[in-house]
Amino acid sequence: MKKEDIYARTMHTPDDPQRAELRAALRDLWKQLMPLHRALIDAASAEYSANVAPVSGPTHLLKLLQEDPFFEWLRPMTTLIVDIDSMSRTDFERADVDAIVARVNAAIDTESGEANRYLTLLQRDVDVAIGHAAIRQILLRLQPA
Numbered sequence: 000m001k002k003e004d005i006y007a008r009t010m011h012t013p014d015d016p017q018r019a020e021l022r023a024a025l026r027d028l029w030k031q032l033m034p035l036h037r038a039l040i041d042a043a044s045a046e047y048s049a050n051v052a053p054v055s056g057p058t059h060l061l062k063l064l065q066e067d068p069f070f071e072w073l074r075p076m077t078t079l080i081v082d083i084d085s086m087s088r089t090d091f092e093r094a095d096v097d098a099i100v101a102r103v104n105a106a107i108d109t110e111s112g113e114a115n116r117y118l119t120l121l122q123r124d125v126d127v128a129i130g131h132a133a134i135r136q137i138l139l140r141l142q143p144a
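When you line the sequence shown up against numbering that gives the first Met the number 0, it's residues 0 to 144, in that order.
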């Protein structure tokens with residue numbers, strides 16, 4: 000097996016300064032999305048328990064997150080977190096970063112009609128607001144030069 004094949008499958012080749020900065024920003028983005036995602040899950044879980052049915056434990060919550068339509072709006076962010084983690088460990092192009100930025104913007108959009116659950120939590124939950132602000136700052140670092 001060639002060295003390039005191993006790099007492509009398991010790690011990234013050495014970065015130039017620009018890609019190193021993008022990789023660091025992607026890692027920071029991932030680090031900020033994790034607690035935001037957790038805060039959103041906690042808030043949505045509490046809302047579900049109050050309005051639909053009690054959440055009986057972590058396994059039940061995981062099943063709800065994966066299958067229940069009530070939590071469907073969180074799934075794009077869940078997938079996004081996994082994709083950012085994977086991308087930050089491999090070689091990527093500028094277009095890949097731009098696609099991630101577009102997906103993050105869609106996930107934290109407060110203007111569209113589908114964002115009303117996110118917007119409600121953003122206005123009501125301090126942890127969501129803090130996470131949202133941190134992500135907005137990191138997105139500035141990921142903009143094209």
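Note that beta-carbon positions come from the ideal geometry of N, C-alpha and C, so glycine has one too.
Is the stretch 26–40 close to the stretch 124–141, with three or more CB pairs under 8 Å?
yes
Closest to Thr77 by CA distance: which of Ile40, Thr119, Arg26 and Arg22 is it?
Numbered from its first residue, the sequence shown carries residue 77 at position 78. Ranked by Cα distance from Thr77, the first of Ile40, Thr119, Arg26 and Arg22 is Ile40.
So, does the stretch 96–108 touch the stretch 42–49, judging by three or more C-beta pairs under 8 Å?
no
Compare the beta carbon distance of Leu21 and Val96 with 7 Å and say whether it is the shorter of the two.
As a working mapping, residue 21 is identified with position 22 in the sequence shown. As a working mapping, residue 96 is identified with position 97 in the sequence shown. In terms of Cβ geometry, Leu21 and Val96 form a close pair [threshold 7 Å].
Quick one: is Ala144 buried, meaning 16 or more other Cβ sit within 10 Å of its Cβ, or exposed?
Taking the sequence shown and counting its residues from 1, the one referred to as residue 144 is at position 145. Exposed is the call here.
Just the Cα atoms here: how many angstroms apart are Ala23 and Arg102?
Counted from its first residue, the sequence shown places residue 23 at position 24. Counted from its first residue, the sequence shown places residue 102 at position 103. Going from the Cα of Ala23 to the Cα of Arg102 covers about 18 Å.
So the alpha helix (DSSP H) Glu46 belongs to, where does it begin and stop?
The sequence position of residue 46 within the sequence shown is 47, counting from 1. From DSSP, the alpha helix (DSSP H) with Glu46 extends over Pro16 to Asn50.
Under 7 Å, do Arg140 and Ser87 count as touching if we go by C-beta distance?
Taking the sequence shown and counting its residues from 1, the one referred to as residue 140 is at position 141. Taking the sequence shown and counting its residues from 1, the one referred to as residue 87 is at position 88. No.
Once DSSP output is grouped into helix, strand and coil, what is the label at Ala144?
Against the sequence shown, residue 144 aligns to sequence position 145. In the structure shown, Ala144 sits in coil (DSSP, three-state: anything other than H, G, I, E or B).
Neighbourhood of Phe70 by C-beta distance below 7 Å, restricted to the same chain and skipping five residues each side
Numbered from its first residue, the sequence shown carries residue 70 at position 71. Closer than 7 Å at the Cβ level, and outside the excluded window around Phe70, lie Ala43, Leu63 and Leu64.
Given this structure, state the Cα-to-Cα distance separating Ala19 from Leu120, to the nearest angstrom.
As a first step, residue 19 is located in the sequence shown; it is residue number 20 there, counting from the start. As a first step, residue 120 is located in the sequence shown; it is residue number 121 there, counting from the start. One C-alpha to the other measures close to 34 Å.
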